[in-house]
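Notes follow once the structure below has been shown.
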Ligand code: FRU
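Residue numbers (the working numbering): 357 to 836.
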């Protein structure tokens, strides 16, 4: 069954060897985020905690920093922060996945780890690859040690999907409840609307469709990618990455969105009742998040800190043979019918050189000493009268207009085409910023809103400037 693994592997070893030192030496190489050793990265896959270690796989194209044939690359870690590169876990080496080992998830079952992914196949010929010429197979692979992966078993093919679906049905997320296994897949209906499909199994091999719990919403795009469905604080949460939503004011401004619905899954009717779709992140670079439950009972989310098919902003790292990264791990909670994202507490282990201030600012204050690139900055804002602005790393501006109740992230030249993004915000109470050489993640009001962006600093870093009328307390740490 296996085709071309050896040839692929030889090409990859050569490709990696040729450029890995250039990638390492790149001034934009990230210090504490997962990035590809060389080449292209997209979705996080197979996130899990297995036999005492965290595992992260991701969509990887080592041969081209602009993307191409997809593999699963593999990293593991004891603390979610220091990652060991285990190379490639899954190759597109069978007739069922020859055009890409696409996204999927992991299921830990006692001493065994199961990976489920989509094997992408494209037929030669004149096809639209939506209604003809494509196969998307759900494939299962088992591992005992979490490092070596066994036979590939196809458990679902397009023939098993409902007739009113196009050939785009993919990205299995699998979990266990009582003695049953469940899987959600994202799909594109023939009506050009996005859906999720729910399957059930007794043995992980034979899967029966249960229902189409959500989808078919005019305003929510033509395809739902990378679904995730879980219970958090007794509520049911569906995360999806829809394609085809139109921008509406400051909402849905990226090419593709990622967001969630909080609701209630009715087990008898197999239907998911929810209120609304809310974007998970308000920045420029966030897509295809996936969650998992760790041994401490935390629901942890990691996303792709990037987006595909972007035309109006770019990543200059391509010149240095790599592109994209993953976000820091974020722990999810629910508050006031919204998902709250908090940086995982392990990030505290990265802290060095603490600086703290507390002061009243009447107009503006410059903190020249806060001029690093790789740092954590926590800010509490009290008794704010009027607007607030923080400028860092030369041209990253965070502005809160108390009158318009809008929070804005705006970037200058360092955004490489990224201009501004906004969110509606009632009150600004705190900012928690994770800055790396070429990325910034901003958690507002203890994770109520998050902005994630790549950032390629141009110009001189003169520290942090704050313009406001209020009491500000600041904690800053260098990272690593
Ligand atoms: C999302 C996605 C998935 C697919 C994968 C391929 O970014 O398009 O739907 O499985 O990427 O790399």
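Glycine is no exception: its CB is placed at the ideal position from the N, C-alpha and C atoms.
Asked                                                                                                                                                                               : Found
For residue 504, report the span of its alpha helix (DSSP H) as first-last.                                                                                                         : Taken as a continuous stretch (DSSP letters only), residue 504 belongs to no alpha helix (DSSP H), as it is neither H nor E.
Are residue 400 and residue 658 touching if we call contact CB-CB under 9 Å?                                                                                                        : yes
Say the cut is 8 Å; is the CB of residue 697 nearer than that to a heavy atom of ligand 1?                                                                                          : no
Which same chain residues end up closer than 6 Å to residue 662 when comparing Cβ atoms and leaving out the 5 residues on each side of it in sequence?                              : 641, 680
Would you check if the distance between the CB atom of residue 584 and the CB atom of residue 646 is smaller than 9 Å?                                                              : yes
Does the Cβ of residue 617 have 16 or more other Cβ atoms within 10 Å, making it buried, or fewer, making it exposed?                                                               : buried
Just to confirm before moving on: does the CB-CB distance between residue 531 and residue 550 stay below 9 Å?                                                                       : no
Determine the extent of the beta strand (DSSP E) in which residue 474 is found, giving its start and end residues.                                                                  : 468 to 478
Does the count of Cβ pairs from the stretch 490 to 506 and the stretch 464 to 472 closer than 8 Å reach three?                                                                      : yes
Quick one: measure Cβ to Cβ for residue 732 and residue 703, integer angstroms, because I've assumed they're closer than 8 Å.                                                       : 7 Å
Out of 421, 390, 453, state which residue places its alpha-carbon closest to the alpha-carbon of residue 361.                                                                       : 453
Thinking C-alpha only, which one of 779, 626, 830, 486 is nearest residue 805?                                                                                                      : 779
Compare the Cα-Cα distances from residue 602 to each of 673, 678, 574, 511 and report the closest residue.                                                                          : 574
Cα-Cα, which of 369, 560, 620 is closest to residue 465?                                                                                                                            : 560
For a test of the three-state rule: what should DSSP assign to residue 705, helix, strand or coil?                                                                                  : helix
Quick check on the DSSP output: the alpha helix (DSSP H) that includes residue 364 runs from which residue to which?                                                                : 361 to 381
If you count every other CB in all the chains shown that lies within 10 Å of the CB of residue 832, and 16 or more means buried, which is it?                                       : buried
What residues in its chain sit with their C-beta under 6 Å from that of residue 723, if we drop five residues either side in the sequence?                                          : 819, 820
Among 517, 497, 535, which one has its Cα closest to the Cα of residue 541?                                                                                                         : 517
Count the other CB atoms within 10 Å of the CB of residue 491; is the residue buried (16 or more) or exposed (fewer)?                                                               : buried
What does the alpha-carbon distance come out to for the pair residue 652 and residue 607?                                                                                           : 34 Å
Can you tell me where the beta strand (DSSP E) with residue 528 in it begins and where it stops?                                                                                    : 521 to 533
Can you tell me which of 776, 592, 411, 604 puts its alpha carbon nearest to the alpha carbon of residue 439?                                                                       : 411
Looking at the secondary structure, which residues open and close the beta strand (DSSP E) in which residue 607 lies?                                                               : First-last for residue 607: undefined, no H or E at that position.
Flag residue 527 as yes when its Cβ comes closer than 8 Å to any non-hydrogen atom of ligand 1, and as no otherwise.                                                                : yes
First and last residue of the beta strand (DSSP E) that includes residue 543?                                                                                                       : 536 to 545
List the whole-angstrom C-beta distance separating residue 612 from residue 772, where the pair is believed to meet the contact cut-off of C-beta under 8 Å.                        : At roughly 19 Å, the Cβ-Cβ gap does not stay under 8 Å, so residue 612 and residue 772 are not in contact.
In terms of alpha-carbon separation, which member of 524, 822, 500, 759 lies closest to residue 487?                                                                                : 524
Count the other C-beta atoms from every protein chain shown that fall within 10 angstroms of the C-beta of residue 750, then say buried if there are 16 or more, exposed otherwise. : buried
So residue 808 is in the beta strand (DSSP E); what residue range does that whole segment cover?                                                                                    : 805 to 810
Is the beta carbon of residue 738 closer than 9 Å to that of residue 826?                                                                                                           : yes
Please classify residue 476 as buried or exposed, where buried requires at least 16 other C-beta atoms within 10 Å of its C-beta.                                                   : buried
Given 8 Å as the limit, tell me if residue 398 has its C-beta closer than that to any heavy atom belonging to ligand 1.                                                             : yes
If you check the beta carbons only, do residue 460 and residue 448 fall under 9 Å apart?                                                                                            : no
Suppose the cutoff is 6 Å on Cβ atoms and the five residues either side in sequence are ignored; what does the same chain contact list for residue 695 look like?                   : 616, 688
Determine, using beta carbons only, whether residue 684 and residue 588 come nearer to each other than 9 Å.                                                                         : no
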